[in-house]
Each structure stands twice: as structure tokens, then as C-alpha cells.
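Only one structure is covered here, and it is reproduced in the block below.
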Amino acid sequence: MEKLWIEGGVPLTGEVEISGAKNVVLPLMAVSLLADGIFAIEKVPALNDIKMMAHLLRVIGSKVDYSSKTKTMTIDNSYCSYYEAPYELVNKMRASIYVLSPLLARFGQAKVSLPGGCAIGPRPIDLHLKALEQMGVKIEVNHGYIEAEVDRLKGAEIIFEKVSVGATVTVLMAAALAEGETVIKNAAVEPEVMSVVACLNAMGGKIEKRGDSELRIIGVEKLRPITFKAIPDRIEAGTFLIAAAVTKGEVKITGCEPLHIEALIQKLKEAGCEVQAGDDWVKVSRKGDLKPVDIVTHPYPLFPTDLQAQFVALMSLAKGTSVIEETIFAERFHHVPELNRLDANIVVEGNKCIVTGVSKLSGAEVMATDLRASAALIIAGLAAEGVTKVSRIYHLDRGYERIEVKLEKLGAKIKRIIA
Ligand code: EPZ
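Number 408 in numbering that gives the first Met the number 0 belongs to position 409 of the sequence shown; there are no gaps in the numbering.
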């Protein structure tokens with residue numbers, strides 16, 4: 000079984016280039032189904048989740064090609080004929096749900112397996128389905144499958160009772176070719192969502208943002224395929240900044256969008272780090288002790304849930320106690336018992352974890368439970384005394400492109416082993 004072997008204690012130094020964002024490429028691949036012809040996405044990272052989505056598109060009938068050299072993916076949907084997303088694919092990759100509304104827009108029907116839950120919580124899709132029903136879709140759920148049909152999607156006023164990235168993207172894709180106007184209130188406005196908006200507009204869509212969280216979409220007759228560049232991965236960027244901070248190093252991340260990680264940058268400064276930023280780079284260093292910092296996760300532009308686990312790992316070495324509150328997912332503290340195996344002192348109380356900083360962490364065998372928890376264990380291992388071995392790193396490969404190679408280039412003693 001593959002593991003990551005890490006010998007901690009080395010301050011990370013140097014520069015690292017940030018890859019394209021997994022969480023924008025996945026929806027963009029679904030968006031491609033809204034147009035015939037050759038759709039291309041640039042800056043696509045080589046990640047397992049993206050490979051899974053490519054496989055799903057091929058099942059639907061798309062021709063998908065990807066070059067790990069140029070990082071460009073081309074998708075030709077001219078011959079798509081199948082409107083089913085099977086269980087064995089959807090249950091491995093929740094973002095498969097993204098194909099539901101493009102299949103409806105294209106075929107007037109869709110059969111998509113219900114996504115299962117995952118380590119961080121039940122992951123329902125009620126907001127997606129309720130919104131589609133408001134747009135005229137007839138939905139039944141039979142034997143674990145969503146069976147949906149519609150003559151033509153109709154514009155509607157959708158008010159989300161909670162902010163949902165996925166449900167917002169589902170409605171954007173359904174509304175782009177619908178009859179009439181759709182208004183989404185309390186929309187997610189994460190950079191990845193706004194990038195999907197930019198892509199749909201470049202394809203001929205008519206979407207505009209009103210105020211902080213309202214999106215207005217006027218349906219058009221047709222969308223054309225384009226070439227679109229993925230935005231940098233703000234979560235990978237934040238993960239590297241936190242890794243540099245925990246090892247008392249000095250790292251410059253390049254090819255990123257500092258605006259997308261402002262909330263993290265603010266918290267790193269509060270924790271005693273020095274942070275500088277340019278147009279497409281951020282440099283972080285730390286000389287003195289880590290100060291305890293409280294975090295509450297919220298939708299963008301506040302502190303992202305996808306950096307919560309990594310920040311908990313950082314705070315495990317702060318001089319004092321931090322309270323980290325998770326408001327997005329019900330069970331996103333699976334990294335805590337594993338961090339405590341490295342001699343961290345963290346207690347979970349409901350949706351909060353109380354992190355009492357310790358003077359040092361000690362290497363141990365730990366197990367990854369989900370994508371971002373894996374990153375938290377690596378961050379802790381980089382700072383721990385001695386060797387840490389992280390198992391079940393298939394979780395990691397879903398969302399980080401060759402993270403051990405990038406970390407090794409920054410001086411980390413880290414390698415992938417078979418053990
Ligand atoms: C996206 O997931 C991201 N995944 C997640 O990143 C990210 O953590 C999340 O947004 C929040 O930012 C991708 O983009 C592929 P949500 P998504 O719908 O769309 C509840 C990572 O590590 N909800 O914004 O599934 C839901 O349970 C992953 O890269 C409903 O109740 O998240 C959660 O509590 C993890 N009903 C909250 O809303 C619904 O119909 C936010 O979920 C949909 C969601």
C-alpha cells in the first residue's frame with residue numbers, strides 16, 4: 000500500500016507553482032456538455048477526481064483527451080447520446096452530480112445515481128433537486144437513482160436557504176439554456192463559481208452578479224464551445240502557505256490569485272507570520288513563535304472549510320489555545336484523532352475543536368481519512384520530530400498534484416513508499 004514517509008524538522012524554502020483548481024475544472028467539464036464541438040480547458044491538473052469525471056463524460060459519449068505535458072484537456076460532445084451517470088462512478092466522486100443539469104438541458108432527461116455521503120458528512124443534494132423542480136423538471140428517486148425529465152427548462156426565482164457551491168453551479172448550467180430569466184438569491188460566489196459564470200458568458204451566456212450573492216441568468220438558444228483556462232487552486236495555495244508557516248520556512252507560491260486567499264493571509268499574519276503578495280504570488284515566512292488564532296469557517300470570501308484541517312495542524316504548535324469552528328460540514332474533524340497521535344492536544348466539542356498548542360509534535364504512523372485531512376497530516380509531519388508515515392494517501396491524490404514532489408523541491412524530506 001502506498002504511504003508518504005516524512006522526516007520532519009526541515010524549514011521549507013524556495014518557490015512553488017500552484018496548479019489549476021480541481022474545484023473549477025470539475026464543473027467546467029460538465030459545462031462543456033452544454034455545447035457541441037471541441038471544448039478545451041487549460042491548466043488542468045493531473046488528479047484522480049478529474050480522471051473520474053473524464054471517465055464519466057466518456058460513458059455519456061464525449062471524446063475526452065488530456066495532455067499532462069500541456070495540462071490541456073479537450074472535450075468533444077458532438078456525439079453524446081447517453082444520459083445516465085452510473086452508481087459505480089457517482090459513488091466514487093460526488094461531483095458527478097454536476098452532469099445532471101447539462102444532461103437535462105441536452106436530452107430533456109437524465110438518470111444519475113444519488114451520490115453517497117463521504118467522510119466529511121452526509122452531502123445531500125436536496126437543494127439541487129428542489130431548484131430543478133422549480134425550473135419545471137419532473138424528478139423521481141428510484142432504487143438510488145435520480146430519474147429526471149423536462150420538456151424545456153424554465154427560468155425561476157431560486158432562493159437557497161443555505162449557500163451551496165454545487166447547487167449554485169447546477170442552477171447556472173440549467174438556467175443558461177432555459178426559457179426566460181432565472182434569479183439565484185443567496186448564491187455561492189466562490190471563485191470557482193464565478194469562473195463558471197465567466198465561462199458560460201464566454202460561450203454566449205447572459206449571466207450577471209447583482210450585489211453580494213445574487214446571480215441573474217437570461218436563458219439563450221445556444222452556447223458555443225470555447226477554450227477556457229482554469230483559475231489557480233486556492234486550496235493548494237493555502238496548503239503550501241500553511242506548510243511553510245508550520246516549518247518556520249520562507250516560501251513563495253507563484254501562479255496563484257492572492258485575492259482568493261485573503262482570509263487565510265489575514266489569519267497567518269495574526270498567527271505571527273510575515274506575508275507579502277504581488278499580482279500572482281504570495282510569500283510567507285515566520286521567525287518567532289506561532290500565536291493562537293481562532294477560526295470560523297464560512298462561505299467565500301471568509302475562511303474556507305477546505306483549509307480548516309490544515310490550519311488546525313498549524314495551531315497545534317501555537318503558544319496558546321485556539322478555537323476552530325466548522326460551520327459548513329457536519330463531520331469535518333477526522334484529522335483530529337490522527338493529529339493527536341502525533342502528540343497534538345486537540346479536543347472536539349460539537350462543531351468546534353479546541354487546540355491547545357504543544358511545544359513539539361512527534362512523528363508516528365497516521366491514516367488519512369479524506370482529502371484535506373491528508374494535507375493536515377502532512378503539514379503536521381513536516382513539523383514533527385522524527386518520521387511520520389501517512390497511509391491511505393489515495394485520498395490525497397484526488398486533489399493534490401504530486402504534492403510530495405513539490406514539497407521535496409522546497410527541501411522537505413518526504414517520499415512516496417510502498418509499505
Ligand atoms: C464544494 O462541495 C467543494 N467541492 C468542496 O470541496 C467544498 O468544501 C464545498 O464546496 C464548500 O465550499 C467541489 O467543488 C467539487 P456545498 P459541495 O454544496 O458543492 C450542504 C474539497 O476538499 N448541502 O457548498 O458539495 C452540504 O451538506 C471539497 O475540495 C445541502 O444541505 O458543497 C454542506 O453542509 C470538499 N444540500 C453545505 O451545504 C445540498 O443540496 C455546503 O455544501 C447541497 C449542499
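For every residue, glycine included, the Cβ atom is placed at its ideal position computed from N, Cα and C.
Which of the three DSSP states, helix, strand or coil, is assigned to K129? helix
Ligand 1 heavy atoms versus the CB of A94: any closer than 7 Å? yes
Going by alpha carbons, who is nearest to P257 out of K70, I145, V245, V283? V283
Which of helix, strand or coil does DSSP assign to T73? strand
S77 versus V24: straight-line alpha-carbon distance, rounded: 20 Å
For the candidate residues K50, L33, E384, K129, whose alpha-carbon lies nearest to that of Y82? L33
May I ask you to check if the CB of F332 is nearer than 7 Å to at least one heavy atom of ligand 1? no
What I want to know is whether the C-beta of A187 ends up closer than 7 Å to one or more non-hydrogen atoms of ligand 2. In terms of ligand content, the structure shown lacks ligand 2 and carries ligand 1 instead.
Closest residue to L222 among V164, G271, A229, M172 (Cα-Cα distance): M172
Given N344 as reference, the closest of K351, N350, V335 once Cα atoms are compared: V335
For the candidate residues S67, I96, G203, whose alpha-carbon lies nearest to that of K42? S67
Give the straight-line distance between the Cα atoms of G154 and I124, rounded to the nearest whole angstrom. 20 Å
Buried/exposed call for E87, threshold 16 Cβ in 10 Å: exposed
Output yes or no for whether 8 Å exceeds the beta carbon distance between G165 and I96. yes
Would you say K70 touches ligand 1, meaning its beta carbon is less than 7 Å from a heavy atom? no
Per-residue DSSP class, three states only, for Y393: helix
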